[in-house]
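Data first, discussion second: the structure below is written as structure tokens.
Printed below as a string of structure tokens:
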């Protein structure tokens with residue numbers, strides 16, 4: 003055995019160990035049910051049960067720190083028309099999130115209906131029940147998104163809190179500008 007054969011053998015052993023480690027991973031085997039879930043976009047919905055749901059994007063937006071943004075906006079441009087324009091922009095962005103979220107839920111409901119039908123025909127009772135539960139959750143979330151959208155139009159407190167927060171920050175920014183101006187003149 004030559005000197006180069008030792009290096010070749012060592013290199014092939016490392017490749018074998020890497021391929022063995024990959025085959026030991028549970029995700030390396032792709033079953034038909036995993037394909038069903040991945041191709042039917044249930045993977046994103048199932049992951050979202052433990053992570054995030056599309057409706058969570060709305061809640062994140064509502065909880066965003068608009069007060070700091072208002073403060074910074076006032077420092078950069080203290081014009082009231084600028085404030086009003088930004089408040090409209092905040093609402094407009096929320097409406098876009100509503101549309102995206104509703105579309106996501108509608109698409110997922112359509113996929114779920116298809117899979118319920120096809121898995122029923124195949125006699126997969128457990129999968130069908132799982133899919134029906136999934137559909138029920140998606141339907142409830144879609145109803146909640148629609149209700150939130152209506153509440154925004156009615157200017158319910160929890161939906162306009164972001165605007166009040168922005169305005170408070172903007173007023174704080176205006177006050178800071180005024181105080182700074184007074185301090186400079188002294």
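In the numbering used here, the protein residues as written are 3 to 188. Where is the CB? At the ideal position from N, CA and C, for every residue including glycine. Since this is a predicted model, take the numbers as computed values, not measurements.
Contact between residue 164 and residue 150 does not hold, since their C-beta atoms are separated by about 12 Å, which reaches or exceeds 8 Å.
With distances taken between CA atoms, residue 144 lies nearest to 99 out of 93, 99, 73, 76.
CA-to-CA, the gap between residue 129 and residue 121 works out to about 7 Å.
Unbroken beta strand (DSSP E) runs of no fewer than 3 residues, entirely contained in the region 72–140, are not found. In this structure residue 186 is exposed. Its beta-carbon is surrounded by fewer than 16 other beta-carbon atoms within 10 angstroms. Closest in C-alpha terms to residue 110, from the list 172, 73, 56, 168, comes 56.
Note on geometry: alpha-carbon atoms of residue 68 and residue 142 lie some 29 Å from one another. In the three-state reduction of the DSSP assignment, residue 172 falls in the helix class, which pools H, G and I. Here residue 60 is buried, its C-beta having at least 16 other C-beta atoms within 10 Å.
In the displayed model, residue 66 falls within coil according to three-state DSSP, outside both helix and strand.
In its chain, beyond the 5 residues on either side, 114, 117, 118, 121 have a beta carbon closer than 7 Å to the beta carbon of residue 133.
Non-local C-beta neighbours of residue 85 in its own chain, meaning closer than 6 Å and more than five positions away in sequence, comprise 172, ordered along the chain. Selection 79, 106, 83 evaluated against residue 58 yields 106 as nearest (Cα-Cα).
108 is the residue among 127, 183, 108 whose C-alpha sits nearest the C-alpha of residue 140. Residue environment analysis places residue 183 among the exposed positions, since fewer than 16 neighbouring C-beta atoms fall within 10 angstroms of its C-beta.
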